[in-house]
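Chemist:
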Amino acid sequence: MVINYSRRDHALGALVSRRVVIAGAGMGLVTTVLAARLYHLQVTQSERYRKSADDNRFGVGFLRPKRGTLIDRSGKEIATDQQYFDAMIIANMAGDNIDQVLARLTPTLLLTSADIKRIHHDIGKAKGFAPVPIRQNLTWGQVATISMETPFLPGVSVVAVMRRAYPFAQSWAHLTGYVADATERDVIQDRALSLPGTQVGKSGLEAFYEKRLRGKVGRIRTEINALGRVVREVSREPAQTGTPLRLTVDAQLQNYGYGLLNNHKSASAVVMDAHTGQVRALVSSPSFDPNKFATGMDSKTWHDLLHHPQHPLVNKAIAGTYAPGSTFKLVVALAGLEAGVITPQEVISCQGYIGVSDRRFHCWKKQGHGPVDLVQAIAQSCDVYFYQLARRLGIARIAKMAQRYGLGESVGIDLPGEHRGLIPSRAWKMAWRGESWHLGETLITGIGQGYTLTTPLQLAVMTAGIINGGKLLTPYIGIARTPPQEIGGSNIARALVTHAMNEVTSGERGTARGAQAQDPRYRFGGKTGTSQVRSISLSERETGVLKDDEVPWALRDHALFVGFAPQDAPRLVASVIVDHGGSGSSVAAPIAGALLGKALTLSDPWDQDSA
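Below, the structure written as structure tokens:
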């Protein structure tokens, strides 16, 4: 049979053929694109997606290292880690029962509405199966109760954690500083700090040596299933304990010093090796308990610390700034001798005041000291002598000498928060007050009053520079040692001033003769200081200057003393300031003498190579 196609059938066949071709071409194009994409994903980008898949399949956790121990000069532990127990909750394991679980825990853990709000906030930020703290530092009773109720507390566990402990608490607080839980800012800087309970140094040596003490965080890599649960541990990199830090400070001396100062409302003291810069004691009172920062502090305690009138959080030994009073006369004397405007033999007569224009500048001794030379002017602390000397020197030479001995500048101790103090000058006054300098300001600077401000630590450095042959030391407590600088100047002048300081405590008319030790082995030299915090009016002088117990505590004079021991071969220096303590001779000098005497009785196990 012969089939004949019509023209219409032929046209239809051609159309179908074209559609087949077009469809085939399209399918071929799609196949090519898919093949290229598959090649890109499976070959070109294989490593990227393999890593992404592994990231989804594996989790990395952190292992918290034990913090390095702080050890005193003789090997006593000053700051170490101690075990505590925390209640934790994993939200993914608690499921929809979080509120029920917290309600059941409330009677045992005394949870408040603020606590529950905080827990929900932390759960919202937590990832996966990350534990969130419910309550830290559980008692044994709380641990036992939670353990018995575990079947009814899904997602809850009691975890042993290590936190900082300070066995000497207040007496060392300003030295050790404290640690506290890492903040969000800390975590941004170092993700390893996100581990719950991780603590970082916030002040003192804990902050200054944070990297050394923290150690190295360990890492644990685990395989996780589709539900986010750990299937197995893949690898573990152990945490490395922080490096211990041996300190130059002696615990016996530090604790003894705190006991002495704690008898006063507010005081500070420094004992330092005059030849090396090793700090043997650095005390500030009142103090605080650093353990409360490590274990968690309630809002009332924090409020009380912040608003305490004597500022217990401030390390007054390095950050308290005071007019140095008559202790400043030591550098004024050195400036006068070096400039040649005074000789050791020259005598100046003190009648109780000096007149400049229409103003009188009074000596602390109303009837005056009579004729005094340089040694007796220091021994008896004659203000008139140093008014005259300051007028001859001028403020520029006084300021230069003070700065050479470390006053008005940071001395560079390995503690955060040191204040510079202030040594005034013409340029400073014009820049900061927009006023010219006056002669009267030079005179009162000569006795350590006016704008002059120093710290107890600076005064210790100054004293060391006088008795060690002219070396400006950088005090240190840990390992931050710096070679001393040469002050320059005359050793003869320094020897004369040192002799005068011995007359202060051992001379017949010395201002601190009543504080001198009876045992010759512990005798010390030094200089008293009494700095005013209020102006005394002419009418008060005429009727009689009020005694310290007749004015409010905050208006009483500061009591100061700087000293060295032993007298015949000085190796230790001390500075003491008792805020509003009154007389330097009757209040500060006995404390300094006791500290120096105690330091001399202690055996010294220090080995430079073991630090």
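Numbering (our numbering), first residue to last: 59 to 669.
Using N, Cα and C, we set each Cβ at its ideal position, and we do this for glycine too.
All figures in this text were calculated on a predicted structure; none of them were measured in a lab.
Report the three-state DSSP secondary structure of Arg221 (helix, strand or coil).
Modeler: Strand, per DSSP.
Chemist: DSSP on Asp112, reduced to helix/strand/coil?
Modeler: No answer about Asp112 holds up, because its pLDDT of 49 lies below 50 and its placement is not dependable.
Chemist: Quick check: the Cα distance between Glu295 and Pro123, rounded to an integer number of angstroms?
Modeler: For Glu295 and Pro123, the distance between alpha carbons rounds to 11 Å.
Chemist: Does the distance from the CB of Asn349 to the CB of Tyr224 come in under 8 Å?
Modeler: In this structure, Tyr224 lies closer than 8 Å to Asn349 by Cβ.
Chemist: For Thr563, which of helix, strand or coil comes out of DSSP?
Modeler: Looking at Thr563 - three-state DSSP - the assignment turns out to be helix.
Chemist: Leu511 bridges to which residues according to DSSP?
Modeler: For Leu511, which the question treats as bridged, DSSP gives the partners Leu480.
Chemist: Does Gly536 come out as helix, strand or coil in the three-state DSSP assignment?
Modeler: Reduced to three states, the DSSP call for Gly536 is coil.
Chemist: Would you call Val405 buried or exposed, if buried means 16 or more other Cβ atoms sit within 10 Å of its Cβ?
Modeler: Classification of Val405: exposed, given that the 10 Å Cβ count is below 16.
Chemist: Are Leu305 and Ile535 closer than 8 Å when you measure CB to CB?
Modeler: Yes, the Cβ-Cβ distance between Leu305 and Ile535 is below 8 Å.
Chemist: Would you grab the beta carbon distance between Ala152 and Pro212 for me? Rounded to a whole angstrom, and I think it's under 8 Å.
Modeler: Confirmed, Cβ separation roughly 5 Å.
Chemist: So what's Val159 in DSSP terms, helix, strand or just coil?
Modeler: Val159 falls in the helix class under three-state DSSP.
Chemist: Could you please give the first and the last residue of the uninterrupted beta strand (DSSP E) stretch that includes Met330?
Modeler: That run of the beta strand (DSSP E) goes 325 to 331.
Chemist: Leaving aside the five residues before and after Met559 along the sequence, list all residues of the same chain whose C-beta is less than 6 Å from its C-beta, in chain order.
Modeler: Around Met559: Gly583, Gly584, Lys585.
Chemist: According to the Cβ coordinates, are Tyr316 and Gln461 closer than 8 Å?
Modeler: No. Outside cutoff.
Chemist: Along the alpha helix (DSSP H) that carries Phe266, what are the first and last residues, could you check?
Modeler: Where Phe266 is concerned, the enclosing alpha helix (DSSP H) stretches over 262 to 266.
Chemist: Evaluate Thr385 with the Cβ neighbour count: other Cβ atoms within 10 Å of its Cβ, from every protein chain shown; 16 or more gives buried, anything less gives exposed.
Modeler: It is buried - the Cβ of Thr385 has at least 16 other Cβ atoms within 10 Å.
Chemist: Express the C-alpha separation of Gln576 and Ile400 in angstroms, rounding to a whole number.
Modeler: Answer to the nearest angstrom: the Cα atoms are 35 Å apart.
Chemist: Just to confirm, are Gln312 and Ala339 a CB contact at a threshold of 8 Å?
Modeler: Yes.
Chemist: Between Leu660 and Gln310, which are expected to be in contact by the criterion C-beta below 8 Å, what is the C-beta distance as a whole number of angstroms?
Modeler: Right, their Cβ atoms sit about 6 Å apart.
Chemist: What span of residues does the beta strand (DSSP E) with Gln461 cover, start to end?
Modeler: Gln461 -> not in any beta strand (DSSP E); alpha helix (DSSP H) instead, spanning 453 to 462.
Chemist: Output the distance between the C-alpha atoms of Met355 and Ala325, rounded to the nearest integer angstrom.
Modeler: For Met355 and Ala325, the distance between alpha carbons rounds to 25 Å.
Chemist: Tell me whether His557 sits in a helix, a strand or coil according to DSSP, three-state version.
Modeler: Looking at His557 - three-state DSSP - the assignment turns out to be helix.
Chemist: How is the beta strand (DSSP E) around Ser343 delimited, first residue to last?
Modeler: Note, Ser343: beta strand (DSSP E), 337 to 343.
Chemist: Does Ser589 pass the burial test, meaning 16 or more other C-beta atoms within 10 Å, or should it be called exposed?
Modeler: Under this definition Ser589 is a buried residue.
Chemist: What residue range does the beta strand (DSSP E) around Pro191 cover?
Modeler: Looking at the DSSP string, the run of the beta strand (DSSP E) that includes Pro191 is 190 to 193.
Chemist: Going by beta-carbon coordinates alone, are Ala332 and Val341 separated by less than 8 Å?
Modeler: Not in contact: Ala332 and Val341 (Cβ atoms no closer than 8 Å).
Chemist: I think Val645 touches Ala617, with their Cβ atoms under 8 Å apart; what is that distance to the nearest whole Å?
Modeler: Val645 to Ala617, Cβ: 4 Å. Contact.
Chemist: Under 8 Å, do Tyr142 and Val219 count as touching if we go by C-beta distance?
Modeler: A contact, by the Cβ cut-off of 8 Å.
Chemist: Quick one: residues in its chain with C-beta nearer than 6 Å to the C-beta of Gly410, no 5 flanking neighbours on either side, listed in chain order?
Modeler: Answer for Gly410: Cys421, Lys424, Gln425, Gly426, listed in chain order.
Chemist: Using the rule of at least 16 other Cβ atoms within 10 Å of the residue's Cβ for burial, across every protein chain shown, is Leu303 buried or exposed?
Modeler: Buried, by the Cβ-count rule.
Chemist: Where does Arg491 fall in DSSP's three states?
Modeler: Note: Arg491 maps to helix in three-state DSSP.
Chemist: In chain order, which beta strand (DSSP E) runs of at least 3 residues are fully inside the region 338 to 409?
Modeler: Runs found: 406 to 408.
Chemist: Let's test the definition: count the other Cβ atoms within 10 Å of the Cβ of Lys183 and tell me whether it reaches 16, buried, or not, exposed.
Modeler: Exposed, since its Cβ has fewer than 16 Cβ neighbours within 10 Å.
Chemist: Look at the alpha carbon of Asp416 and the alpha carbon of Glu499, and state the distance between them as a whole number of angstroms.
Modeler: In a straight line, the C-alpha of Asp416 is about 14 Å away from that of Glu499.
Chemist: Check the C-beta distance from Thr563 over to Ala573 and give it rounded, since I have them as a contact under 8 Å.
Modeler: With a Cβ gap of about 7 Å, Thr563 and Ala573 count as contacting.
Chemist: Here's a check: name, in chain order, each residue in its chain whose Cβ is nearer than 6 Å to the Cβ of Ala240, leaving out the five neighbours to either side.
Modeler: Same-chain partners within the cutoff: Leu251, Thr256, Val258.
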